[in-house]
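For reference, the structure discussed in these notes is given below.
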Amino acid sequence: MSDSKQFQRKDDPARFSVDNFERPVLDTPNGADKILLHSCCAPCAAEVMDALAASDIQTTIFFYNPNIHPRDEYEIRKQENIRYAEKLGMDFIDGDYNVRDWFDRTKGMEWEPERGVRCTACFDMRFEVTADVAAAQGYNLISSTLGISRWKNMDQINGSGDRAAARHDGMKYWTFNWRKQGGSQRMIEISKNEEFYQQEYCGCVYSMRDTNAWREGNGREKIKRLVKFYGRDAVVEDNDEKVAAENAAE
Ligand code: SF4
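If you read the sequence shown in the working numbering, its first letter stands for residue 1282, the second for the next number, and so on.
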């Protein structure tokens, strides 16, 4: 069956599924053949990791997220990411869990909403360390899996990435839009296939507080941590709904 018959519409979701999508070979923005990829969690990372692997771009995962609270939440997100890195044969660097520094960095921003200045400070911290580690280990290209989440502000993430890269001569932050060409769809699909742990809040203690407050105000049950997995449980969209409601209110 020809491609045009198999997919009746250009935006047919089936076209972008893991099984059908023909991954393009990506060119890095500075010609680099290797990248240090900051990763926030396995669900966001997997599609990006697959895209880079398909383009033969040598990828090392840098898991650096001292924002994640509490420690057992941090550990489960990290272990899921290690599991997928091992599956793809990618190197994995386990960054510091310097929580105190993160709280110092975000002091005074405790009541800022998601996608506000606290998140900028959070991205800045994580990407600055990513750029520093990249420079120390001979990389001149970095990026982050954070940008694939449709509820994150891409400009905000890219701004932090660009600032972090500018700390080192010749360093580039790759602003590639990992969501396009069905990236968001495959992100969920891979998460279900892999039965990744399904987190229900962005990561910090303030995002947990605010998500629970939103749920309470909308008659929803509070966050359940460490128990839900894609593919085994219904995909929880509560946090997405909260952010969507905030978006609509702006
Ligand atoms: S909501 Fe997410 S991005 Fe914003 S400060 Fe908290 S952990 Fe960082």
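Glycine included, each C-beta is placed from N, C-alpha and C at the ideal position.
Rounded to a whole number of angstroms, what is the C-alpha to C-alpha distance between residue i and residue j?
{"i": "residue 1324", "j": "residue 1444", "result": "26 Å"}
{"i": "residue 1403", "j": "residue 1387", "result": "7 Å"}
{"i": "residue 1391", "j": "residue 1489", "result": "12 Å"}
{"i": "residue 1531", "j": "residue 1455", "result": "For residue 1531, the pLDDT reaches just 36, beneath the cut-off of 50, and the residue's location in the model is therefore unreliable, although a value from the coordinates is still provided. If I take the Cα positions, the gap works out to 29 Å."}
{"i": "residue 1422", "j": "residue 1466", "result": "26 Å"}
{"i": "residue 1414", "j": "residue 1469", "result": "30 Å"}
{"i": "residue 1320", "j": "residue 1362", "result": "8 Å"}
{"i": "residue 1511", "j": "residue 1478", "result": "6 Å"}
{"i": "residue 1425", "j": "residue 1393", "result": "23 Å"}
{"i": "residue 1292", "j": "residue 1464", "result": "13 Å"}
{"i": "residue 1442", "j": "residue 1330", "result": "18 Å"}
{"i": "residue 1399", "j": "residue 1476", "result": "31 Å"}
{"i": "residue 1334", "j": "residue 1313", "result": "14 Å"}
Pop quiz: residue i and residue j are said to be a contact at Cβ under 8 Å. What is the actual Cβ separation, rounded to whole angstroms?
{"i": "residue 1299", "j": "residue 1429", "result": "The pair is not a contact, with the Cβ atoms about 15 Å apart (cut-off 8 Å)."}
{"i": "residue 1373", "j": "residue 1342", "result": "5 Å"}
{"i": "residue 1307", "j": "residue 1338", "result": "7 Å"}
Is it buried or exposed, residue i, if we count other Cβ atoms within 10 angstroms and call 16 or more buried?
{"i": "residue 1526", "result": "Only weak support is given to the placement of residue 1526: the predicted model assigns it a pLDDT of 49, under 50, and the value that follows is read from those uncertain coordinates. Exposed: under 16 other Cβ atoms inside 10 Å."}
{"i": "residue 1328", "result": "buried"}
{"i": "residue 1283", "result": "Caution is warranted here: a pLDDT of 45 is assigned to residue 1283, below 50, making its placement in the model unreliable, and the coordinate value is therefore given only provisionally. Classification for residue 1283: exposed."}
{"i": "residue 1458", "result": "exposed"}
Suppose contacts are defined by Cβ-Cβ distances below 7 Å. Is residue i in contact with residue j by that definition?
{"i": "residue 1354", "j": "residue 1496", "result": "no"}
{"i": "residue 1378", "j": "residue 1347", "result": "yes"}
{"i": "residue 1359", "j": "residue 1344", "result": "yes"}
{"i": "residue 1417", "j": "residue 1446", "result": "no"}
> Which runs of the beta strand (DSSP E) spanning at least 3 residues fall entirely within the segment 1354–1442, listed in chain order?
Replying inline: 1372–1375, 1422–1425
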